[in-house]
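Chains as they are written, first to last, in the working numbering: chain A, 61 to 458; chain B, 61 to 458; chain C, 61 to 458; chain D, 61 to 458. Below: one structure, written as structure tokens.
There are 4 protein chains.
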Amino acid sequence: MGSLSSLNSICIDGGCFVKYQDGVKNSMVKKLCVRASVAKSVPQNIEIKTQRSEKFRIGVLGASGYTGSEIIRLLASHPNYQITLMTADRKAGQSIGSVFPHLVRQDLPDMVAVKDADFSTVDAVFCCLPHGTTQEIIKGLPSSLKIVDLSADFRLQDVAEYEEWYGQPHRAQELQKEAVYGLTEICRPEIQNARLVANPGCYPTSIQLPLIPLIKANLIEMKSIIIDSKSGVSGAGRGAKEANLYTEIAEGIHSYGVTRHRHVPEIEQGLSEAAKSKVTVSFTPHLMPMSRGMQSTIYVEMAPGASTEDLYHHLRHFYEKEEFIVLLGKNEVPHTRHVRGSNYCLINVFPDRIPGRAIIISVIDNLVKGASGQALQNLNLMMGIPETTGLLFVPLFP
Amino acid sequence: MGSLSSLNSICIDGGCFVKYQDGVKNSMVKKLCVRASVAKSVPQNIEIKTQRSEKFRIGVLGASGYTGSEIIRLLASHPNYQITLMTADRKAGQSIGSVFPHLVRQDLPDMVAVKDADFSTVDAVFCCLPHGTTQEIIKGLPSSLKIVDLSADFRLQDVAEYEEWYGQPHRAQELQKEAVYGLTEICRPEIQNARLVANPGCYPTSIQLPLIPLIKANLIEMKSIIIDSKSGVSGAGRGAKEANLYTEIAEGIHSYGVTRHRHVPEIEQGLSEAAKSKVTVSFTPHLMPMSRGMQSTIYVEMAPGASTEDLYHHLRHFYEKEEFIVLLGKNEVPHTRHVRGSNYCLINVFPDRIPGRAIIISVIDNLVKGASGQALQNLNLMMGIPETTGLLFVPLFP
Amino acid sequence: MGSLSSLNSICIDGGCFVKYQDGVKNSMVKKLCVRASVAKSVPQNIEIKTQRSEKFRIGVLGASGYTGSEIIRLLASHPNYQITLMTADRKAGQSIGSVFPHLVRQDLPDMVAVKDADFSTVDAVFCCLPHGTTQEIIKGLPSSLKIVDLSADFRLQDVAEYEEWYGQPHRAQELQKEAVYGLTEICRPEIQNARLVANPGCYPTSIQLPLIPLIKANLIEMKSIIIDSKSGVSGAGRGAKEANLYTEIAEGIHSYGVTRHRHVPEIEQGLSEAAKSKVTVSFTPHLMPMSRGMQSTIYVEMAPGASTEDLYHHLRHFYEKEEFIVLLGKNEVPHTRHVRGSNYCLINVFPDRIPGRAIIISVIDNLVKGASGQALQNLNLMMGIPETTGLLFVPLFP
Amino acid sequence: MGSLSSLNSICIDGGCFVKYQDGVKNSMVKKLCVRASVAKSVPQNIEIKTQRSEKFRIGVLGASGYTGSEIIRLLASHPNYQITLMTADRKAGQSIGSVFPHLVRQDLPDMVAVKDADFSTVDAVFCCLPHGTTQEIIKGLPSSLKIVDLSADFRLQDVAEYEEWYGQPHRAQELQKEAVYGLTEICRPEIQNARLVANPGCYPTSIQLPLIPLIKANLIEMKSIIIDSKSGVSGAGRGAKEANLYTEIAEGIHSYGVTRHRHVPEIEQGLSEAAKSKVTVSFTPHLMPMSRGMQSTIYVEMAPGASTEDLYHHLRHFYEKEEFIVLLGKNEVPHTRHVRGSNYCLINVFPDRIPGRAIIISVIDNLVKGASGQALQNLNLMMGIPETTGLLFVPLFP
């Protein structure tokens with residue numbers, strides 16, 4: 061993607077993005093990235109601030125979890141942001157260093173309960189709270205705030221689907237309509253104008269980044285997309301659960317949530333919109349002994365006449381100006397280890413033994429491109445800051 | 061399976077095994093388990109020995125690798141076998157405790173070079189040598205010896221295929237014809253009468269155990285069998301390779317040998333014979349941080365009218381008398397951790413979101429049911445000893 | 061050890077065990093192994109049972125934790141025991157396979173709440189409950205039962221010390237007096253006659269096995285025994301705690317409970333009794349990413365004139381008839397991996413750079429020799445069964 | 061440390077650094093940081109370059125190992141350096157992305173054989189070559205180059221000691237005299253004026269940082285310093301060795317090189333110079349399953365009258381202006397996980413149970429503060445760049 065001209069050429073094929081660029085909304089087709097309410101322009105105070113080269117003041121809601129601490133890590137060296145508020149209800153009153161000793165050197169305010177937070181002191185928030193709770197909190201935030209929400213609460217356009225998969229009614233449906241889906245490389249124009257961004261899930265990120273361009277270009281069939289994903293354990297959060305103890309995870313692998321993982325509707329929403337028809341995928345996540353990292357091995361049937369080279373070159377061309385999406389060279393296999401701690405997504409395409417099928421592999425760090433890194437990438441866009449600012453970490457290996 | 065009557069009922073469905081049982085060979089169809097030369101009866105000296113309740117004398121060729129040491133572990137408490145010969149060319153003259161300190165308490169002869177081995181002192185051998193070398197060694201063994209070969213040298217019936225995948229001519233083609241494929245629960249009658257058993261690869265074991273019965277029962281389609289396997293590192297052996305260093309494996313996952321793994325022809329051979337037509341599968345192995353363990357997540361299209369319940373019940377019935385093949389209860393997910401160190405294979409069947417498809421998951425310990433454990437199971441059969449003898453280890457967890 | 065003659069020779073040096081053998085108790089010196097009440101002889105019903113070669117009926121109290129499941133693993137192949145009762149309050153009504161899927165093949169009764177247990181159906185129990193609770197439960201058990209208690213409740217002779225370290229009064233002081241300390245190789249004669257055995261902690265086992273013989277032989281100084289221990293995570297149990305999550309443990313190490321770990325008084329009790337004077341040790345445990353295993357690296361000052369060879373040869377001689385205690389050869393370093401899943405303790409002695417000092421290294425599997433394996437070893441002794449029965453598992457490597 | 065005034069106050073106590081500051085060398089006492097030849101001033105071309113705010117051109121010799129790749133990772137975001145030369149003999153002609161795929165996004169020259177390197181194109185080099193080889197290479201470099209050597213070749217002042225521990229004569233003794241020991245926080249003034257810095261080993265860094273200030277302040281006794289260190293596996297390099305395979309390292313721990321590790325003379329050199337007398341330490345390294353990280357647990361006897369509070373406060377004061385040395389709060393235990401990927405060293409002091417003794421714990425990332433990070437810190441000093449430039453990475457957790 062990366063340029064209007066490449067976007068145009070895609071949109072001629074796919075027929076979906078072209079209108080976004082001239083600002084006209086197509087209200088007849090549900091959109092992945094843009095919702096009913098029109099995104100607003102950047103507020104005044106933000107423009108002024110940038111001119112003065114002051115830092116934006118950032119709040120991190122739910123700073124005691126792994127996505128919260130990852131936001132803090134990424135912002136530590138960011139030239140444009142300064143954390144001025146951190147909330148964590150059960151750890152209110154504590155310093156970040158006592159909750160996350162690896163952050164002991166960060167000079168940050170103590171955490172407060174969210175009910176005690178003064179939101180007049182921040183320009184934007186990252187919301188790292190559990191689904192359900194999130195809706196209520198965000199509903200109560202000042203409307204001047206820019207918000208990147210890392211929960212699942214605003215990812216699904218269809219409220220009924222939310223209620224089916226999350227087992228509870230949605231209590232902030234107006235906000236849901238406003239929210240823009242934050243798959244950065246796909247929804248960039250909408251994110252730039254958004255006030256509330258629903259940051260994608262980790263699995264959906266690793267899966268939609270390779271598949272959406274291929275679907276839009278009609279290079280793959282919709283009927284048997286089979287996705288076998290492998291995730292590190294940090295995706296399960298820092299909550300104390302028997303199933304996530306070291307002794308229960310080390311030296312083994314298992315599938316979980318077979319066919320019933322809550323990321324399914326999010327994945328199918330994105331692919332369906334790209335395909336302009338309802339897509340049902342096979343999705344089986346696996347939990348394995350790594351703290352960070354995610355691989356999706358995706359088995360697809362190619363469109364008649366399409367070859368793995370076609371798939372590869374389309375993806376390579378589509379992402380050629382993107383910093384964070386890397387199509388590896390021929391036969392090079394993506395490893396999760398090679399993106400650890402970074403915002404990169406490595407992708408490659410392989411021929412299958414079954415004629416007409418291809419194997420697509422993508423890897424990300426579930427806490428960075430799969431969560432806090434993409435969230436920062438989105439806030440950069442929302443704030444008018446160069447998108448890669450504060451995100452050019454080299455992966456940590458070994 | 062486990063009894064002739066259940067075998068019969070299977071063979072009525074599948075039409076394949078019935079002739080083996082009355083000793084008539086069907087020369088027109090290539091067989092997975094039986095080859096051209098007729099398997100012999102148990103030699104005299106073995107019968108005598110059993111009567112005297114002496115122990116059979118066992119040789120382990122290639123005792124300095126992981127499959128060799130696993131044979132030694134399993135035999136340590138076996139009531140009918142005694143290791144009297146161990147070979148390891150580069151470690152000749154060393155004690156097993158110096159090569160594998162966890163075996164320091166085993167009272168065993170020192171290792172010798174294979175060229176110095178006296179094979180008149182053994183009744184049977186486990187051959188744990190690399191492919192290629194294996195053919196030459198086995199060709200030179202006394203014909204009175206029972207042999208279980210853990211290499212790939214005698215697994216493929218088609219010599220041309222062997223040469224294509226292993227890049228070298230086969231130099232023991234007569235033996236290859238004699239060899240019986242050692243997938244115990246499937247090929248039991250032939251193994252009982254075999255002199256030379258080609259022990260299956262780890263991936264093929266985890267894949268064929270669930271798929272062969274389903275294929276024979278016409279419950280799944282052959283055209284899009286997609287297999288995503290995850291293996292522990294011991295499958296790569298004990299050779300010093302940069303790629304298998306702790307630092308290169310820990311905390312990550314990657315695919316390898318995409319579409320080109322050498323277990324592919326073995327898998328397709330077994331499935332093709334079950335299907336009585338050439339089957340091509342999609343097979344992608346992954347390497348991950350566990351020393352032992354293997355999961356195959358298998359995505360299949362069901363035959364018209366078949367349901368996941370049908371698949372489940374057929375497998376459950378097929379294996380109901382087997383000690384080592386366990387169909388888990390509804391919704392119970394097999395974990396590799398739950399078979400560690402044991403000869404068990406846990407299997408379950410799940411519905412897929414895509415209508416008409418099912419997900420089959422099987423887990424084994426790659427060094428036990430995937431190698432040395434199945435090898436011992438086979439030798440027990442060959443020697444007329446109860447099949448589970450010395451194999452009823454409870455998995456080690458955590 | 062292992063024979064009266066070797067015991068005698070030790071006791072001539074150490075002056076401590078000799079009286080036990082002729083049944084005379086020395087009431088003036090506190091004893092590690094024997095308490096105030098005289099141990100009873102084996103009850104009648106047990107003798108009868110052995111003659112009839114029936115199996116003893118075993119209860120496992122607290123079967124839903126790691127030490128409980130390990131007892132079940134070890135008993136699965138034991139020829140003399142049969143589990144007839146399992147308790148687990150929070151998992152009452154569940155099968156063992158649902159709580160520990162690796163035990164799915166075990167044909168065992170469902171778990172019951174301890175209050176619902178019928179103790180008339182068992183001959184002996186392993187008590188795998190938390191400290192505190194344990195006292196109350198054991199107090200209520202029929203006095204005919206043989207009991208091996210894996211908690212800390214009966215390990216300390218000094219009630220005041222128990223209360224200081226465990227922060228609660230001891231509510232079963234009579235039982236505490238009766239309890240025999242279960243460090244098998246050191247306290248064998250007393251264990252044989254015991255009704256209630258207090259099974260040692262994992263750290264104390266790994267530390268006392270090498271140190272007690274050296275102290276009794278006056279080969280080391282008492283004033284600066286420095287113990288640096290490293291433990292696997294299963295020692296922390298199966299309780300859901302943030303600190304034991306995979307993400308908090310993998311790829312790192314840290315000390316914990318520095319100078320305040322609750323195994324300190326147990327270690328000092330054993331060493332003090334051997335030294336016949338109060339010994340204070342430096343003890344620092346570390347938690348590291350392994351599910352099973354424990355190493356104690358022990359730094360000692362040798363007695364004037366003693367050499368590392370003296371230490372080594374004394375230990376080698378002392379344990380030469382023991383199955384489970386292995387003095388490795390010169391320069392061979394014990395690895396925890398080499399005892400995984402087994403009841404072995406590997407020990408070696410190294411010279412230090414500082415003249416007059418030595419380094420002693422011992423490794424065990426914390427769940428086997430450090431808990432359930434030693435518990436079974438003790439019950440074998442209490443029941444008059446050969447001590448190593450059901451315990452000769454070869455370590456699982458890799 | 062961090063300022064001359066604090067240095068002065070230390071030197072009044074310790075009597076060692078004061079002369080360095082006024083440029084007078086004390087030829088009678090061997091110095092840790094400064095050698096026979098006087099360090100030169102910063103060369104002209106460097107001064108000019110800084111004024112023009114061009115980037116210094118950097119060579120990385122031995123770029124295919126872990127310390128080399130870590131240098132590249134750290135320099136990727138460094139504002140003052142640009143890598144213009146990378147050597148790797150066996151991988152000459154390859155791109156860095158093919159050797160280290162996590163660096164695929166780095167725009168760097170291909171690697172060349174060291175014999176083909178054009179050193180006129182660089183201002184400074186990091187030398188990441190094996191000991192032995194290093195001497196020869198560095199001897200041949202232009203004398204205008206600034207060099208930070210990460211090997212052991214120039215760490216030991218005493219050539220005889222080098223030859224004893226490394227088993228070969230030293231072939232660059234003049235350079236050895238010139239080399240300055242690069243323990244940054246201790247030897248800062250000398251490093252600033254050095255042309256060739258011998259970067260410390262990882263163990264010596266973790267050990268000397270807490271001990272040297274305490275020794276200089278006469279707070280601990282020299283006679284029984286007992287050091288139990290635990291290292292991640294990357295310290296062993298990327299060479300293919302059986303002992304470092306995943307299967308040989310995972311889920312276990314073992315000591316190695318007991319009393320004979322090659323870092324011993326380096327540790328004793330530093331402590332001896334601080335103590336102004338020959339110090340012999342007990343040093344036992346352990347290898348454990350983590351890719352990065354190192355903990356040293358150090359057991360010391362305190363000087364008469366000294367308390368753990370004294371030790372703590374002295375270290376806290378000594379390092380209070382240092383960015384990278386962090387004295388944790390009371391009872392806070394350093395974890396290796398909390399410095400992963402960063403240049404920090406966390407230290408704390410604990411009372412021991414044995415009266416008069418203390419336990420000091422320090423943790424570092426062996427590849428950063430223990431190797432490449434400290435090397436960069438040193439080059440920053442040598443180049444007149446603010447010392448922390450490019451090093452303020454927040455640790456990566458989990």
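Virtual Cβ for every residue (Gly too), placed ideally from N, Cα, C.
- With respect to residue 448/B, residue 410/B sits apart: the two C-beta atoms are not nearer than 8 Å.
- If one requires a minimum length of 3 residues, the beta strand (DSSP E) runs lying completely within the segment 151-192 of chain D are 184-187, in chain order.
- Along the segment 334-358 of chain C, the positions whose C-beta sits under 8 Å from a C-beta of chain D are 340, 341, 342, 343, 344, 346, 348, 349, 350, 351, 352, 353, 355, 357, read in chain order.
- Neighbours of residue 298/B in chain D, taken as residues at a C-beta separation under 9 Å, are given in chain order as 302, 305, 307, 308.
- For residue 307/C, there is no enclosing beta strand (DSSP E); the enclosing alpha helix (DSSP H) covers residues 306-309.
- For residue 378/B, the three-state secondary structure derived from DSSP is helix.
- Contact annotation: residue 143/D and residue 184/D have beta-carbon atoms that are not nearer than 8 Å.
- Bridge partners of residue 354/A according to DSSP: 291/A, 424/A.
- Distance between residue 251/A and residue 433/A, taken at the CA atoms: about 15 Å.
- Burial is judged here by how many other beta carbons sit within 10 angstroms of a residue's own beta carbon; residue 218/B has fewer than 16 and is exposed.
- Secondary structure remark: continuous alpha helix (DSSP H) runs of at least 4 residues inside the segment 398-446 of chain C, in chain order: 433-443.
- Shown here, residue 314/B sits in a strand according to DSSP, grouped into three states.
- With respect to the 8 Å criterion, residue 269/D and residue 405/D are classified as neighbours on the basis of their beta carbons.
- Ranked by how close their Cα comes to the Cα of residue 450/D, the residues 266/D, 228/D, 314/D, 132/D have 132/D in first place.
- Between the C-alpha atoms of residue 169/D and residue 163/D there is a straight-line separation of about 12 Å.
- When DSSP reads this structure, residue 142/D sits in a beta bridge with 117/D.
- Under the three-state reduction of DSSP, residue 276/D is assigned to helix.
- Within the segment 202-258 of chain B, the beta strand (DSSP E) runs of at least 3 residues that lie entirely inside it are, in chain order, 206-209, 256-258.
- Annotated three-state conformation of residue 456/C is coil, per DSSP.
- Assignment of residue 328/B by DSSP, reduced to helix, strand and coil, places it in the helix class.
- For residue 387/D, the enclosing beta strand (DSSP E) stretches over residues 385-387.
- DSSP places residue 127/A in the uninterrupted alpha helix (DSSP H) bounded by 126-135.
- Contacts between residue 182/B and chain D, judged by CB atoms closer than 8 Å, are missing: the closest CB pair is about 28 Å apart.
- Sorting 123/A, 291/A, 147/A, 125/A by C-alpha distance to the C-alpha of residue 425/A places 291/A at the top.
- Close partners of residue 311/B in chain A (Cβ separation under 9 Å): 292, 349, 350, 351, 352, 353, 396, 397, 400, 458.
- Sequence-distant Cβ neighbours of residue 399/B in its own chain, meaning closer than 8 Å and more than five residues away, are 353, 405, 406, 423, 424, 425, 428, 429, 455.
- Closer than 8 Å to the CB of residue 432/D there is not a single CB belonging to chain A.
- At least one CB atom of chain D sits nearer than 8 Å to the CB of residue 410/C.
- The beta-carbon separation of residue 437/D and residue 403/D, rounded to 7 Å, stays under the 8 Å limit for a contact.
- Residue 372/A has a beta carbon lying at 8 Å or more from every beta carbon in chain B.
- Taking C-beta atoms as the reference points, residue 313/B and residue 362/B fail to come closer than 8 Å.
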